[in-house]
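Undergrad: Have a look at this one before I ask anything.
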Amino acid sequence: MLEDYKEKQPLFYNQVSKIIKSDKISHAYLIETNDCPYGFDIAMSLSKSFLCQKKNNSPCSSCNICLNIDTNNYPDLKIIEADSKIIKKEQLLELQKEFSVKPLYGKYLIYIIKNAELLNRSSANTILKFLEEPSPNIIAILLTNNIYNCLDTIISRCQVLSLIKEEKINNNIFKKIYEKISPNEEFNLFVEKQIINIMEFYEKLEKDKTKLIAFYDVFSLTDKIDILFDIGIKLYIDILNYKLKRKIEYFENNIDIIKNISNFNEFNDIIRKIEIINDFQKKSSYNVNKELFINNFIITFSGGNL
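Numbering (the numbering used here), first residue to last: 758 to 1063.
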């Protein structure tokens, strides 16, 4: 059930809960799984939520539709996956043929495409026709582990939902920070200092939005923006955990900063800020003016009020 992911994926859960409550269901969703092993399970739970006879935020898992989906006996739900590492045009033509009729049981016909980045040009063009002229009773759920390998034309026709990558701050992330700045500095002291600098940046951002120019003295903006967002997402996940009285996952040695930032935020504020950081992290891979990009981030993060 979707409830199972409320704590693991609070951003995703919050987004889909709003969608289900409002009953404003899009014709297509692209779920960026970010190496989460349960991405397909989430897609199935989302499908059940759209189809469940006992309409609620989460599927009941007891009505006939939910039970049939659980036993792979629901004809109005189709799963498309790669055949020999490619999703073929023929698979999608067959899908379109099967979905040319009305649903047999529920309100919707739903198809899930696993590894949507494996759509080649021919199959992508086939599915585009399906997405460009959506039927009101057909919902597409596409899964990808790498949204940047998906065609822009596919992405632009879907509502994108992202899962948070489940990883802890570890030596791989430390190494990533370390290599970007100086290979000659003492590793552990350097890493600790840089992480604290970034956390203090977010603390200053919460306390006094007008003095953020100080950040430019402690962190270069030319080639390290991704680290700012890496640490920021994990920091605000810890703040969310603290707010919910859960175990601190990443920065338990910096509990004072976590408490201070928590005092400035309600639950929904924290969710919004994680979403903003996540969004800017994706955009940071584009060729952008770094200084202007950071300024835009600060303004957006601060709610447009500086």
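Where is the CB? At the ideal position from N, CA and C, for every residue including glycine.
No experiment lies behind these values; they were computed from the predicted model shown.
Could you check where the alpha helix (DSSP H) with residue 1043 kicks off and where it finishes?
TA: Locating residue 1043 in the sequence shown gives position 286, where the first residue counts as 1. Unbroken run through residue 1043: none, as it is neither H nor E.
Undergrad: With DSSP as the reference, label residue 1051 as helix, strand or coil.
TA: Here residue 1051 corresponds to residue number 294 of the sequence shown, with the count starting at 1. Helix at residue 1051.
Undergrad: Looking at C-beta atoms only, is the number of pairs between the stretch 952-965 and the stretch 791-808 that lie closer than 8 Å three or more?
TA: no
Undergrad: Is the beta carbon of residue 791 sitting closer than 9 Å to the one on residue 922?
TA: Within the sequence shown, residue 791 is the residue found at index 34, counting from 1. Within the sequence shown, residue 922 is the residue found at index 165, counting from 1. For residue 791 and residue 922, yes; Cβs fall inside 9 Å.
Undergrad: Got a sec? Which residues, its chain only, sit under 6 Å from residue 904 by beta carbon, not counting five neighbours each side?
TA: Position 147 of the sequence shown, counting from 1, holds the residue named residue 904. Correct list, in chain order: 789.
Undergrad: Are the CB atoms of residue 759 and residue 802 within a distance shorter than 9 Å?
TA: For the purposes of this step, residue 802 is taken as residue 45 along the sequence shown, with counting starting at 1. For the purposes of this step, residue 759 is taken as residue 2 along the sequence shown, with counting starting at 1. In contact: residue 802 and residue 759 (Cβ atoms closer than 9 Å).
Undergrad: Under 9 Å, do residue 897 and residue 786 count as touching if we go by C-beta distance?
TA: If you number the sequence shown from 1, residue 897 lands on position 140. If you number the sequence shown from 1, residue 786 lands on position 29. In contact: residue 897 and residue 786 (Cβ atoms closer than 9 Å).
Undergrad: Measure from the alpha carbon of residue 985 to the alpha carbon of each residue in 906, 774, 866, 1038, then state which is nearest.
TA: Locating residue 985 in the sequence shown gives position 228, where the first residue counts as 1. That would be 1038, whose Cα lies nearest to the Cα of residue 985.
Undergrad: So residue 874 and residue 907 are supposed to be a Cβ contact under 8 Å. How far apart are they, rounded?
TA: Position 117 of the sequence shown, counting from 1, holds the residue named residue 874. Position 150 of the sequence shown, counting from 1, holds the residue named residue 907. With a Cβ gap of about 5 Å, residue 874 and residue 907 count as contacting.
Undergrad: Specify, as a first and last residue, the run of the alpha helix (DSSP H) that residue 910 falls within.
TA: Locating residue 910 in the sequence shown gives position 153, counting from the first residue. Counting along the chain, the alpha helix (DSSP H) containing residue 910 begins and ends at 909-912.
Undergrad: Below 8 Å on the Cβ atoms is my guess for residue 996 versus residue 1022; work out the distance and round it to an integer in Å.
TA: One-based indexing of the sequence shown puts residue 996 at position 239. One-based indexing of the sequence shown puts residue 1022 at position 265. Confirmed, about 7 Å.
Undergrad: For residue 917, list the residues DSSP reports as bridge partners.
TA: Taking the first residue of the sequence shown as 1, we reach residue 917 at position 160. Per DSSP, 787.
Undergrad: Measure the C-alpha to C-alpha separation of residue 842 and residue 950 and round it to an integer number of angstroms.
TA: Translated into positions along the sequence shown, residue 842 becomes position 85. Translated into positions along the sequence shown, residue 950 becomes position 193. Roughly 44 Å between the two C-alpha positions.
Undergrad: For residue 833, count neighbouring Cβ atoms within 10 angstroms of its own Cβ and tell me buried if that reaches 16, exposed if not.
TA: As a first step, residue 833 is located in the sequence shown; it is residue number 76 there, counting from the start. With 16 or more Cβ atoms within 10 Å of its Cβ, residue 833 is classed as buried.
Undergrad: Rounded to a whole number of angstroms, what is the C-alpha to C-alpha distance between residue 816 and residue 1030?
TA: Stepping through the sequence shown from its first residue, residue 816 is reached at position 59. Stepping through the sequence shown from its first residue, residue 1030 is reached at position 273. Their Cα atoms are separated by approximately 28 Å.
Undergrad: Counting only C-beta atoms, is residue 1004 closer than 9 Å to chain B at any point?
TA: The structure shown contains no chain B; it holds only a single protein chain.
Undergrad: For residue 839, name the three-state secondary structure that DSSP assigns.
TA: To locate residue 839, count along the sequence shown from 1; it is residue 82. Three-state result, residue 839: coil.
Undergrad: Mind checking residue 863: buried by the 16 CB within 10 Å criterion, or exposed?
TA: As a position in the sequence shown, residue 863 is number 106, starting the count at 1. Per the 10 Å Cβ criterion, buried.
Undergrad: Around the Cβ of residue 773, are there at least 16 other Cβ atoms within 10 angstroms (buried) or fewer (exposed)?
TA: What you label residue 773 is simply residue 16 of the sequence shown in a count that begins at 1. Residue 773 should be labelled buried.
Undergrad: Closest to residue 902 by C-alpha separation, out of 920, 885, 1006, 894, would be which residue?
TA: Start at 1 with the first residue of the sequence shown, and residue 902 comes out as number 145. Nearest of 920, 885, 1006, 894 to residue 902, Cα basis: 920.
Undergrad: If I measure Cβ to Cβ from residue 891 and keep anything under 6 Å in the same chain, skipping five residues before and after, which residues do I get?
TA: Residue mapping note: residue 891 aligns to position 134 of the sequence shown, counting from 1. Listed in chain order, the non-local C-beta contacts of residue 891 below 6 Å within the same chain comprise 784, local neighbours out to five positions each way being set aside.
Undergrad: Please confirm whether residue 831 and residue 837 have their CB atoms less than 9 Å apart.
TA: Position 74 of the sequence shown, counted from the start, is the residue given in the question as residue 831. Position 80 of the sequence shown, counted from the start, is the residue given in the question as residue 837. Cβ atoms of residue 831 and residue 837: not closer than 9 Å.
Undergrad: Count the other CB atoms, across all protein chains shown, that sit within 10 Å of the CB of residue 796; report buried if there are 16 or more and exposed otherwise.
TA: Within the sequence shown, the letter at position 39 stands for residue 796. Buried is the call here.
Undergrad: Are the Cβ atoms of residue 1016 and residue 993 separated by less than 9 Å?
TA: Position 259 of the sequence shown, counted from the start, is the residue given in the question as residue 1016. Position 236 of the sequence shown, counted from the start, is the residue given in the question as residue 993. No, Cβ-Cβ distance for residue 1016 and residue 993 is not below 9 Å.
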